[in-house]
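Undergrad:
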Amino acid sequence: MKKIVLFITVLVIMLMAFTTTSFAQLPLRVVVNGDRVNFPDAEPFIDDNGRTQVPVRFVSEALGAKVDWEGKTKTVTISQGDKEIKIVIGKKEYTINGEKNLMDTEALLKEDRTFVPVRFVSEGLGARVDWDSAVRTVYIDTREKGDIKDDTPKDGSIIEKNGYLVPNDTNIIIAKAQESKIVETSISINVLRPNFEKQKEDLVFAIESKFGKDIANEVKKHIEPKKKRWDYIPEKYIYVEETKQYIWISESETADVSIDILVPGYVPNRSQYNDVVVEWEN
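Positions -24 to -1, 1 to 258 (mature numbering (1 follows the signal peptide of the UniProt record, and there is no 0)) are the ones given, in order, by the sequence shown.
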């Protein structure tokens, strides 16, 4: 009996460790009124006080607010209608329409961007803020609750598809390869499906959730030139050191872009269009 209990305990620990490793690199996301906010040059992060810090301009503008910066006093002013928020870099005190308030953290400068605690700014502008730790996502909403259907998944929420995380409204296809000795999972996006640019974002997010930011950025850089149906992208292999496997981006001359995640241990040694020969790693 003791051996059975010990076995079950070890199994549970191993499963927990696997799950933690698979999604350890899950990025922080900010969703405003159902739409994901893009941060082109500086990513949100959680500071030492457990607060989500975001580049102020992108979130504020997504909420329809105007942002001004006074370099001499290091003051950020966020204006929306009859509301005005002033935050000074390095200080916990801030004002809303001149009334003093106190944060439990402080705004800061990082990567040439002004970062502010997203909750204080959003709530100061009258928005509701929710944090989903399971998928590391901040949901900010200014809509009336009656305008949001409670019986459907929240726009921008995250689901799992065959081991990859994607927004619930994604148009990308993620499928387990059937009866293949080479391919573990196939992912595809297509210019002819709605919102191709969002497909590319969702693809990069899915890759990042599984393999981390560096690998996702390699994929993003390679597929970025694909804008229209006939735009050409060459074949490319990206090696993932942690999982000992290759990501194979097929050559694309038509509407479809195919990404195959090869089985761990296989190494491509010769490739042509639609033809790959692989061998076991030693």
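Yeah, the Cβ is synthetic: ideal placement off N, Cα and C, and Gly gets one too.
1. Using 8 Å as the threshold, is the region 159 to 179 in touch with the region 233 to 243, meaning 3 or more CB pairs across them?
2. Terminal residues of the continuous beta strand (DSSP E) containing Asn166?
3. Based on Cα-Cα distance, which residue from Ile209, Thr28, Lys189 and Tyr213 lies nearest to Thr230?
4. Could you check which residue in Lys204, Ile22, Val6 and Leu84 has the C-alpha nearest to that of Asp106?
5. Can you tell me the Cα-Cα spacing of Glu211 and Trp224, whole angstroms?
6. What number of angstroms, rounded off, separates the C-alpha of His198 from the C-alpha of Val167?
7. Spell out a yes or no on whether the region 170 to 185 and the region 143 to 162 are touching, meaning 3 or more CB-CB pairs, one atom from each, closer than 8 Å.
8. With DSSP as the reference, identify every bridge partner of Asp236, one or two as the case may be.
9. How far does the alpha helix (DSSP H) with Asp178 in it extend, from its first residue to its last?
10. Taking the C-alpha atoms as reference points, what is the distance between Lys220 and Asp44?
11. Would you call the region 23 to 30 and the region 66 to 78 touching, i.e. three or more CB-CB distances under 8 Å?
12. For Val111 and Tyr140, what's the separation of their Cα atoms in angstroms?
13. With H, G and I counted as helix, E and B as strand and the rest as coil, what does DSSP make of Phe96?
14. Nearest by alpha-carbon distance to Pro183: which of Lys137, Arg205 and Asn171 is it?
15. State the Cα-Cα distance for the pair Glu217 and Lys203, rounded to the nearest angstrom.
TA: In brief:
1. Contact check between the region 159 to 179 and the region 233 to 243: three or more CB pairs, one atom from each, fall below 8 Å, which counts as touching.
2. Where Asn166 is concerned, the enclosing beta strand (DSSP E) starts and stops at Val159 to Asn166.
3. Answer by Cα proximity: Ile209.
4. Val6
5. 7 Å
6. When rounded, the distance between both Cα atoms is 16 Å.
7. The region 170 to 185, when compared against the region 143 to 162, does touch it at the 8 Å Cβ threshold.
8. Ser162 and Trp224
9. Looking at the DSSP string, the run of the alpha helix (DSSP H) that includes Asp178 is Phe172 to Phe187.
10. 47 Å
11. no
12. 12 Å
13. It is helical.
14. The sequence as given places Ile at residue 183; Pro does not occur at that position. Answer by Cα proximity: Lys137.
15. 30 Å
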